[in-house]
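Colleague:
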Amino acid sequence: MSSPTPTGGAGADEDTMLRELHDVLGTALAMAQEQLEKNGGFLPFGVTLADDGELRLVLVAPPEPEGGTEGGGDDELDGDLDAEAMLADVIELLRQGREGCRAIAFASDVTLPEHGSDGIHAAAEHRDGGLIAAILPYEMTAGGYVYSAVEPDGHDAQVFTD
8 MSSPTPTGGA GADEDTMLRE LHDVLGTALA MAQEQLEKNG GFLPFGVTLA DDGELRLVLV
68 APPEPEGGTE GGGDDELDGD LDAEAMLADV IELLRQGREG CRAIAFASDV TLPEHGSDGI
128 HAAAEHRDGG LIAAILPYEM TAGGYVYSAV EPDGHDAQVF TD
């Protein structure tokens, strides 16, 4: 995983920030894997680490198909959800609820053309400025999901931006 880029603090404060980033990122990756194994996929979601130390899940409902049920119902059956819009909604909810949170993470299912597979992308941000992101490539085989090694990924702050 990539190294966080703390903005100040030293010693225990930096260690605490790094631990909290790894906690929310690890939770997001584990939850995504669990949903993938259980349901064959997952929708974008967020995880928060509150000031009280509690981890909380942040979800958004898939949008209703356009046009109601007349002629537009097949899109949902085909799995044509707008995951990018849902991820943007999750990030906006995290941004709105960031007061009282020490760290956040969000995860989404992505296509990795360079690997010829899919992957779980997760990013974590700390209110004190730390950032960390990772990709966990996976593929479905006859024996189930096979995961490659976690890889670091770039990330710009999207929740703790000011």
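Every number in my numbering is 7 more than the matching position in the sequence shown, counting from 1.
Every residue, glycine too, gets a C-beta built ideally from N, C-alpha and C.
These figures come from a predicted structure and were not determined experimentally.
According to DSSP, is Arg26 helix, strand or coil?
Modeller: Helix, per DSSP.
Colleague: Could you check which residue in Tyr145, Leu28, Leu64 and Leu32 has the C-alpha nearest to that of Asp116?
Modeller: The candidate whose alpha carbon is nearest that of Asp116 is Tyr145.
Colleague: Quick test of the definition: if touching needs 3 or more C-beta pairs under 8 Å, does the stretch 31-40 touch the stretch 51-58?
Modeller: Counting Cβ pairs under 8 Å, three or more are found: they touch.
Colleague: I need the DSSP call for Arg171, collapsed to helix, strand or coil.
Modeller: As displayed, the chain neither begins before 8 nor continues past 169, which places residue 171 out of reach and without an answer.
Colleague: What are the boundary residues of the beta strand (DSSP E) that Glu6 is part of?
Modeller: A query on residue 6 cannot be resolved here, the shown segment of the chain reaching from 8 to 169 and no further.
Colleague: Going by the CB atoms, is the gap between Asp125 and Ala141 shorter than 7 Å?
Modeller: No, Cβ-Cβ distance for Ala141 and Asp125 is not below 7 Å.
Colleague: For Glu77, is the classification buried or exposed, using 16 other Cβ atoms within 10 angstroms of its Cβ as the cut-off for buried?
Modeller: With a pLDDT of 47 at Glu77, under the threshold of 50, the modelled position of this residue cannot be trusted, and the question is left open.
Colleague: For Asp163, name the three-state secondary structure that DSSP assigns.
Modeller: Coil, per DSSP.
Colleague: As a quick exercise: from Asp135, Glu44 and Leu66, pick the residue whose alpha carbon is nearest that of Thr148.
Modeller: That would be Glu44, whose Cα lies nearest to the Cα of Thr148.
Colleague: Pro69 to Ala90, Cα distance in whole Å?
Modeller: If I take the Cα positions, the gap works out to 9 Å.
Colleague: Work out the CA separation of Glu121 and Gly104 for me, nearest whole Å.
Modeller: Taking the straight line from one Cα to the other gives about 35 Å.
Colleague: Please state the DSSP three-state secondary structure of Thr55.
Modeller: Three-state result, Thr55: strand.
Colleague: Give me whichever residues DSSP pairs with Glu158 in a beta bridge.
Modeller: According to DSSP, Glu158 bridges with Ile142.
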